[in-house]
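*Asks:* This is the structure I have questions about; it appears just below.
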Ligand code: HEM
């Protein structure tokens, strides 16, 4: 871009910023309503740079803490190019989530919208969203998990762990596990060269989510668009092949089959979905399930490594199951249900890691809440992180303490404060699947390996929550059974 264009671009951005802000303020004055307190920061960039620099560190909390102590639990800011009402209040968050589609609608940055495709669940609205949300829920509910997904999860986690030796980048391995699991569940593919190549392209797509959605400015975005085309083509071929197999009477037990049998986006009974609809839908499910679960797996291990007492209690729980079953027998649903401390570890990791730190929504009309008005068209951010890490709701909220979940009255006296999977009509349909994947992974990890961090690493939160160096660890195989024999002097 030459200097004149750059100047014009900046001039128009500043002009638009003041125009939009002036209109919003005038609109509110006319209605004698008031915005939540706060500041819109610098022209155009608002407080984005403060937010990014806080979230690139291990301790992003001051960004929220400072504003909450100055303005209260609901405040106004300006981030990622738009004025935004930020909520650190559980009641307001609940109100926002429950009123999806009535007062608020989900809102994703342009980069994500372009890369996902219009038939992704995350971007669907209205009755189509409702239908597809429940279809997704039905594919990942507990009876499906119990009847066949658990066996696949157990087998694929073992398969991945079989190759571990010496130094392992836990974040990468966890990504491989969750990617292979998701591909299996969606399309019945076992890990092979095809899934490996698909994953490579996929990672390029995901990197594009956090770039400027203009190909001339960002090579990351350009590469992501190209990779998306390749992924869509590969998935399109699978869909076409499966249609042919179905014509020959072959049926598989996976998500793709449910989409062939569904009513289609137009809602015609038994009409089925078009190839484009199926590809967009599957592509988005892969995004939603893979990055989140793999990060939670990695962080659970990090927190456990830093809390040896919790790790040894977890090992005890899993060793007991393994000793009962022998070395090779796969986990059954009853085994999964007999992991109470593991569930405490999972909850606590979800609470303290906040992989999805909150959700953006857009106000569909002027909305009055707690004495303030959110103007129509404004963004709101319901922050789960702010609530999960608030000392008012959780004692010693910023400490990893899985035992808090053992308290029979629950970890807190406040309702609606634990929402790692969101809530309302867009509540994560993969919440139970994620829990099972994580529990099975921890089971095999702690019964088969001991490990130490290979080097110091840092947990950062922007553009996503991740370990800066992909959490390298040195692993050592341990056989529970050899150990027991040694202990018994055999
Ligand atoms: C630890 C792992 C996970 C976490 C923390 C998580 C969290 C979330 C959250 C907070 C939302 C709500 C977004 C919103 O309200 O806008 C969501 C939505 C979603 N999640 Fe998950 N998720 C996880 C795993 C999974 C898995 C394994 C799947 C696979 C099925 C999945 C599929 C989805 C989908 C499709 C949506 C969009 C729902 C909609 O817009 O209707 N998630 N997830």
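Numbering (my numbering), first residue to last: 6 to 495.
By construction, the Cβ of each residue, glycine as well, lies at the ideal position given by its N, Cα and C atoms.
Everything numeric in this text was worked out from a predicted model, so none of it was measured.
1. Thinking just about the alpha-carbon of each residue, which of 136, 50 and 66 is nearest to the one in residue 431?
2. Assign residue 487 to buried or exposed, taking buried as 16 or more other Cβ atoms, counted over all protein chains shown, within 10 Å of its Cβ.
3. Could you tell me how far apart the beta carbons of residue 278 and residue 267 are, in whole angstroms, since I believe they sit closer than 8 Å?
4. Answer yes if the region 402-411 comes into contact with the region 150-163, meaning at least three C-beta pairs across the two stretches below 8 Å, and no otherwise.
5. Looking at the unbroken alpha helix (DSSP H) that takes in residue 68, where does it start and where does it end?
6. Going by the CB atoms, is the gap between residue 434 and residue 141 shorter than 8 Å?
7. Is there contact between the region 105-124 and the region 213-228, where contact requires at least three CB pairs shorter than 8 Å?
8. Is any non-hydrogen atom of ligand 1 found closer than 7 Å to the C-beta of residue 357, if you look at the structure I gave you?
9. Could you tell me whether any non-hydrogen atom of ligand 1 is closer than 7 Å to the CB of residue 349?
10. Below 8 Å on the Cβ atoms is my contact criterion, and I expect residue 387 with residue 364 to pass it. Report the Cβ-Cβ distance as a whole number of Å.
11. Nearer than 7 Å: is that true of the beta carbon of residue 4 relative to any heavy atom of ligand 1?
12. Under 8 Å, do residue 366 and residue 112 count as touching if we go by C-beta distance?
13. Mind checking whether the beta-carbon of residue 294 lies closer than 7 Å to any heavy atom of ligand 1?
14. Out of 97, 40 and 175, which has the shortest C-alpha to C-alpha gap to residue 81?
15. Should residue 343 be counted as a contact of ligand 1 given a C-beta to heavy atom distance under 7 Å?
16. Can you tell me whether residue 482 is buried or exposed, with buried defined as 16 or more other CB within 10 angstroms of its CB?
17. Residue ranges of each alpha helix (DSSP H) run of no fewer than 4 residues wholly in the region 357-408, ordered along the chain?
18. Any heavy atom of ligand 1 closer than 7 Å to the CB of residue 197?
19. Could you tell me the distance, in whole angstroms, from the CA atom of residue 73 to the CA atom of residue 200?
20. Run the CB neighbour count on residue 327, radius 10 Å, all protein chains shown included, and call it buried at 16 or more, exposed below.
21. Examine ligand 1 and report whether any of its heavy atoms sits within less than 7 Å of the Cβ of residue 427.
22. Do three or more CB pairs link the region 311-318 to the region 193-207 at distances below 8 Å?
23. How about residue 478 and residue 173: are their beta carbons less than 8 Å apart?
24. Have a look at residue 253 and residue 144 and give me their C-alpha separation to the nearest angstrom.
25. Check the C-beta distance from residue 421 over to residue 95 and give it rounded, since I have them as a contact under 8 Å.
26. Take every Cβ of the region 245-261, pair it with every Cβ of the region 82-101, and state whether three or more of those distances are shorter than 8 Å.
27. To the nearest angstrom, how far is it from the Cα of residue 116 to the Cα of residue 229?
28. Would you give the residue range spanned by the beta strand (DSSP E) that residue 190 belongs to?
29. Grab the span of the alpha helix (DSSP H) containing residue 479 for me, first residue to last.
30. How far does the alpha helix (DSSP H) with residue 287 in it reach, from first residue to last?
31. Does the pairing of the region 162-170 with the region 448-456 give three or more beta-carbon distances under 8 Å?
32. If the criterion is Cβ atoms closer than 8 Å, does the pair residue 336 and residue 445 meet it?
*Replies:* Inspection of the coordinates gives the following:
1. On the chain shown, residue 431 is found 426 positions in, with the first residue counted as 1. Nearest option by C-alpha distance: 136.
2. Here residue 487 corresponds to residue number 482 of the chain shown, with the count starting at 1. Result: exposed.
3. One-based indexing of the chain shown puts residue 278 at position 273. One-based indexing of the chain shown puts residue 267 at position 262. About 6 Å; that satisfies the 8 Å criterion.
4. no
5. Residue 68 sits at position 63 when you count from the first residue of the chain shown. Here the alpha helix (DSSP H) through residue 68 covers 66-76.
6. Position 136 of the chain shown, counting from 1, holds the residue named residue 141. Position 429 of the chain shown, counting from 1, holds the residue named residue 434. Yes. Within cutoff.
7. yes
8. In the chain shown, residue 357 corresponds to position 352, counting from 1. The answer is no for residue 357.
9. Taking the first residue of the chain shown as position 1, residue 349 is located at position 344. Not under cutoff, so the answer is no.
10. In the chain shown, residue 387 corresponds to position 382, counting from 1. In the chain shown, residue 364 corresponds to position 359, counting from 1. Right, their Cβ atoms sit about 5 Å apart.
11. The chain is shown only over 6 to 495; residue 4 falls outside these bounds and no answer can be derived.
12. By 1-based counting over the chain shown, the position of residue 366 is 361. By 1-based counting over the chain shown, the position of residue 112 is 107. Yes, the Cβ-Cβ distance between residue 366 and residue 112 is below 8 Å.
13. If you number the chain shown from 1, residue 294 lands on position 289. True, at least one ligand heavy atom lies under 7 Å from that Cβ.
14. Mapped onto the chain shown, residue 81 falls at position 76. The shortest Cα separation from residue 81 among 97, 40 and 175 belongs to 40.
15. In the chain shown, counting from the first residue as 1, residue 343 sits at position 338. No, since every heavy atom of ligand 1 falls outside the 7 Å radius drawn around the Cβ of residue 343.
16. Reading the chain shown from its first residue, position 477 is the one you call residue 482. When all chains shown are included, residue 482 counts as exposed.
17. 389-393
18. In the chain shown, the residue the question calls residue 197 occupies position 192. Because no heavy atom of ligand 1 lies under 7 Å away, the Cβ of residue 197 does not count as near it: no.
19. Indexing the chain shown from 1 puts residue 73 at position 68. Indexing the chain shown from 1 puts residue 200 at position 195. Each residue's Cα considered, the two are about 46 Å apart.
20. As a position in the chain shown, residue 327 is number 322, starting the count at 1. That one is buried.
21. On the chain shown, position 422 is the one that residue 427 refers to. Under cutoff, so the answer is yes.
22. no
23. In the chain shown, the residue the question calls residue 478 occupies position 473. In the chain shown, the residue the question calls residue 173 occupies position 168. Yes.
24. Start at 1 with the first residue of the chain shown, and residue 253 comes out as number 248. Start at 1 with the first residue of the chain shown, and residue 144 comes out as number 139. Distance between the alpha carbons of residue 253 and residue 144: 24 Å.
25. The residue you call residue 421 lines up with position 416 of the chain shown. The residue you call residue 95 lines up with position 90 of the chain shown. So it is a contact: roughly 5 Å between Cβ atoms.
26. no
27. Here residue 116 corresponds to residue number 111 of the chain shown, with the count starting at 1. Here residue 229 corresponds to residue number 224 of the chain shown, with the count starting at 1. Cα to Cα, the separation comes out at about 10 Å.
28. Residue 190 sits at position 185 when you count from the first residue of the chain shown. From DSSP, residue 190 is part of no beta strand (DSSP E) but of the alpha helix (DSSP H) over 175-192.
29. Walking along the chain shown from the start, residue 479 turns up at place 474. Looking at the DSSP string, residue 479 is not in any alpha helix (DSSP H); the run it does join, the beta strand (DSSP E), is 477-482.
30. For the purposes of this step, residue 287 is taken as residue 282 along the chain shown, with counting starting at 1. Looking at the DSSP string, the run of the alpha helix (DSSP H) that includes residue 287 is 280-311.
31. yes
32. Counting from 1 along the chain shown, the entry for residue 336 is found at position 331. Counting from 1 along the chain shown, the entry for residue 445 is found at position 440. Yes, these two residues count as a Cβ contact at 8 Å.
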